[in-house]
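Residue numbers (my numbering): 585 to 923.
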C-alpha cells in the first residue's frame, strides 16, 4: 500500500464513519465500536490539522463544511459547548448561530415540532443543550437535518468523546500505545448524565468500569442495564459500591463531576453532606494505581476535587476541555458526510 499514512488514516476513518451521515448523535450507545473509533481518530486528525501546534497554513487548511451551518439551542448555559462548537464550525469553514433562552424558548411560544421544522430549512445541523432528554428526542424526531445532543438530563455524549480522546493521547505519550483496553476507570460522585455516556463509551473501548455513588445517587437503571450488556459483549467488568476508597483500588483513571447540577442549587447543602468522603484528593488518588490520571468535565468546585490534584501532572482536565472542540468538529463533519 503506497498511500501516505495520513491519507490511509483518513480513508479508513471515512469508511468507519459512512453510516453516521444523516444520523442524529444523541448517546454513545447508538454508535458501533467502529464508529466510536472513527470519531476519535477523526478528532485527532483535526487537532493535528487545526491545533495550535499545526504547521498547516490556516489560509490553505481544508474547509469541508464551507456553506454549512449549525443552530445551537441553549436552554442551559455552557462555556465549553458554545465556544468549542462556534470555533470548531468556523475552523471547518461553516457558521454557527447561538440561540439562548432569550432567543428561543423551546415549546413555549412555538411547538418543538415547528421549531425543528423551521430550523431544518435554514441549517445543516441542529445542536441542542436542554434540560429534559425528551426535548432533544422530539427535536431529533421532527427535524429533517441531523441533531446533536449537547447535553440533556440523561446523556452527554460529546463529553465522553473528549474524555476518551484525552485518555488515549495521554497513554500513547506515556506507554507508546493509545489503546485503553484492559485499563480501569473509576467514577467517584453523582450517577448523572456525564457518567451515563462515559460508562457506555468506556466499556466500548475495552475498559473496566468501577462506580462509587452515595446511596440514592445511582446511575439510571436502564442506562446501567445497557452498560452491563455492552460490558459482556466487550469482555470487561462493571463494579458498583458506595465507598469511594474501595472504588478507586486498581484504577488507572479517576473521574468526578459536579455534585450539584444546574437546577439543583436548592439541594446544595444536602448534597454536599451526602457526598462526604467523595472529594478526589491526594489521599484518594494514592489508593489508585501508580500513574493514575484525573478527569473532570468542568466547571469544578473545590469540594469535588482538591487544588493539589486538580492542578497536578496527573490531571488531564485542560486537554479534556480542549478536546470538546476536536470531537464536536468530528461529529458535525461525519453527520454531514464531509470528512
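Where a beta carbon is used, it is the ideal one built from N, C-alpha and C, also for glycine.
Residue i versus residue j - alpha carbon distance
i	j	result
residue 661	residue 883	12 Å
residue 861	residue 888	10 Å
residue 605	residue 808	28 Å
residue 682	residue 656	5 Å
residue 689	residue 659	8 Å
residue 881	residue 695	32 Å
residue 631	residue 638	8 Å
residue 770	residue 615	22 Å
residue 856	residue 708	42 Å
residue 755	residue 876	10 Å
residue 673	residue 649	8 Å
residue 722	residue 706	18 Å
residue 728	residue 610	15 Å
residue 691	residue 716	12 Å
residue 931	residue 847	One cannot answer for residue 931 here, as it falls past the ends of the chain, which runs 585 to 923.
residue 852	residue 816	37 Å
residue 746	residue 905	7 Å
residue 712	residue 704	13 Å
residue 612	residue 643	34 Å
residue 871	residue 838	11 Å
Residues bridged to residue i [DSSP beta-bridge criterion]
i	result
residue 656	682 and 711
residue 768	792
residue 571	This structure leaves residue 571 out entirely; the chain is present only between 585 and 923.
residue 787	None, per the DSSP bridge assignment.
Endpoints, alpha helix (DSSP H) assigned at residue i
i	result
residue 717	717-726
residue 792	First-last for residue 792: 792-796, but that is the beta strand (DSSP E), not the alpha helix (DSSP H).
residue 806	805-818
residue 702	696-706
residue 608	Taken as a continuous stretch (DSSP letters only), residue 608 belongs to no alpha helix (DSSP H), as it is neither H nor E.
residue 893	891-894
residue 844	Residue 844 -> no alpha helix (DSSP H), and no H or E assigned at all.
residue 744	741-759
residue 840	Unbroken run through residue 840 is the beta strand (DSSP E), 837-840; no alpha helix (DSSP H).
residue 856	852-858
residue 669	663-675
residue 919	901-919
residue 625	617-634
residue 829	828-832
Sequence-distant residues of its chain with Cβ nearer than 7 Å to residue i (five each side left out)
i	result
residue 804	738 and 780
residue 600	618, 619, 621 and 622
residue 819	none
residue 893	864, 865, 866, 869, 878 and 899
residue 726	696, 697, 700 and 701
N- and C-terminal bounds of the beta strand (DSSP E) containing residue i
i	result
residue 880	877-880
residue 823	822-825
residue 733	731-733
Classification of residue i by the beta-carbon crowding that lies within 10 angstroms, buried from 16 upward
i	result
residue 830	exposed
residue 641	exposed
residue 758	exposed
residue 907	buried
residue 585	Confidence is the limiting factor: at residue 585 the pLDDT is only 46, short of 50, which leaves the residue's position unreliable and the question unanswerable from this model.
residue 731	buried
residue 740	buried
residue 589	At residue 589, the pLDDT of 40 sits below 50, so the modelled position is not reliable; the number obtained from the coordinates is stated separately. It counts as exposed.
residue 840	buried
residue 775	buried
residue 634	buried
residue 736	buried
residue 785	buried
residue 608	buried
residue 667	exposed
residue 562	Because residue 562 is not part of the residues shown, which for the chain are 585 to 923, the question remains open.
Neighbourhood of residue i by C-beta distance below 6 Å, restricted to the same chain and skipping five residues each side
i	result
residue 627	749, 910, 911 and 914
residue 679	653
Interface flag, residue i vs chain C, CB-CB below 8 Å
i	result
residue 720	Absent here is chain C; the protein component of the structure consists of one chain.
Cutoff 8 Å; reference residue i; Cβ partners in own chain excluding five residues on either side
i	result
residue 826	796, 797, 798 and 799
residue 772	796, 828, 831, 832, 838, 839, 840, 862, 864 and 868
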